[in-house]
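One structure is given below, encoded as structure tokens.
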Amino acid sequence: MEIPVNSWLNAINVRHSRRAFTGESLPEDKLHRLETIANEFKPFRGARAVVVKDPPENVFKGAIGSYGKVKDAPHFIAFIGDTSVLEVQEVTGYLGEGIILEATSMDIQNCWVGGFFRREVVANIAGLRPNEQVLAITPIGYSLEKKSRTEKTFSRIVQSHKRKPIEDLLLESPQTYPYWIISALEAARLAPSAANRQPWRFLIEKNSITIRTDNLSDGRWVSKRLDCGIAMLHIELGARVNGVEGKWKFLSKPYVARYSVS
Ligand SMILES: Cc1cc2nc3c(=O)[nH]c(=O)nc-3n(C[C@H](O)[C@H](O)[C@H](O)COP(=O)(O)O)c2cc1C
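Structure below.
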């Protein structure tokens, strides 16, 4: 599938996690479109997505009390990784974010949920194959017009609207670099991450951006490499909107991947 660069990049700028929904089902054509994307968007081996149209009620559970709890979502999408693939976290992040951005571009609200859902329930519905695990899910639906009190509290706790300045994310960089790199970094900076921890750091070279994690710990509930997979897609969109096509190479820890243009 060809990535719709412009519409996904626009979606980056309007996407925010939403956790309280109206309960109203999405129209069949929107669900069908998401199922088509889930079937056709296969950027890397090792990840897939399943749209669950009629979930049971007990899929989401709150973090502490009801913080982070998802309410009245009519459907969800499961992001499933094949744990026999070394880069399972990164490829699942990249794939999942594509589907999240497609949903956003269709005015469907969503929220990556990596920690607080009932894995055994989702695993049963999704029908896991050998070596597969559900790494995250997202509710999909129409959110309440205004944020619920719980949503506001959660956003405040994790300061979900804040992003680190680019300078704090750069490991090393030349004094000047081309516009596509600025555009790619700006898109990466807006990526969502678990608890908004923004664990990505960037090494800029003349024709490449390398992502690594902020330190050697991999995150307690959700792998930082999943967050970095999300940032990979954002980098690529920010580059490609400037007509710059590159290639990804996965790297070993603590590095994640390098996007190089020739
Ligand atoms: C991989 C991943 C896992 C996440 N897990 C949860 C979760 O378990 N519960 C939750 O309420 N939010 C979760 N979030 C949402 C983040 O808290 C949110 O993306 C972040 O605070 C930034 O806010 P924004 O998405 O509105 O930009 C997760 C996000 C990512 C990327």
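So that you can map any letter, position 116 of the sequence shown is 125 in this note's numbering, and since no number is skipped, the others follow by simple counting. Ideal placement from N, C-alpha and C gives every residue a C-beta, glycine not left out. Since this is a predicted model, take the numbers as computed values, not measurements.
Whether residue i touches residue j by CB criterion (8 Å)
i, j, result
"proline 201", "serine 26", "yes"
"leucine 178", "isoleucine 213", "no"
"arginine 24", "leucine 153", "no"
"glycine 196", "tryptophan 209", "Per the sequence shown, the amino acid found at residue 196 is alanine instead of glycine. Result no, Cβ atoms of alanine 196 and tryptophan 209 do not sit closer than 8 Å."
"leucine 194", "isoleucine 175", "yes"
"glycine 255", "tyrosine 268", "yes"
"valine 250", "leucine 104", "no"
"valine 167", "alanine 204", "yes"
Where the beta strand (DSSP E) containing residue i begins and where it ends
i, result
"threonine 159", "Not the beta strand (DSSP E): threonine 159 falls in the alpha helix (DSSP H), residues 158-167."
"histidine 84", "84-91"
"threonine 70", "It is lysine, not threonine, that sits at residue 70 in the sequence shown. Premise fails: lysine 70 is in no beta strand (DSSP E) and is neither H nor E."
"alanine 56", "56-61"
"valine 143", "141-150"
"tyrosine 268", "264-269"
Exposure of residue i, with buried meaning 16 or more beta-carbon neighbours within 10 Å
i, result
"aspartate 116", "exposed"
"asparagine 119", "buried"
"tryptophan 189", "buried"
"glutamate 96", "buried"
"glycine 252", "exposed"
Selection from the options that minimises the alpha carbon distance to residue i
i, options, result
"lysine 155", "Ala20, Val14 and Thr31", "Thr31"
"arginine 28", "Ser157, Glu141, Pro64 and Phe53", "Ser157"
"serine 34", "Val68, Leu199, Glu129 and Pro83", "Pro83"
"valine 131", "Ala87, Arg206, Pro148 and Ser232", "Ala87"
"lysine 62", "Phe85, Leu95, Arg206 and Lys256", "Phe85"
"threonine 101", "Pro65, Ile146 and Ala112", "Ile146"
"valine 79", "Val97, Glu106 and Val122", "Val122"
"lysine 70", "Thr222, Ile134, Phe126 and Pro64", "Phe126"
"proline 183", "Ser261, Ile218 and Glu99", "Ile218"
"alanine 20", "Ser261, Ala266 and His243", "His243"
Residue i, enclosing alpha helix (DSSP H) - first and last residue
i, result
"alanine 135", "128-135"
"threonine 101", "97-114"
"lysine 39", "37-49"
### Query
Should the stretch 39-51 be regarded as contacting the stretch 137-148, the criterion being three or more beta carbon pairs within less than 8 Å?
No: the two stretches stay apart, fewer than three of their Cβ pairs being nearer than 8 Å.
### Query
Do three or more CB pairs link the stretch 55-66 to the stretch 88-104 at distances below 8 Å?
yes
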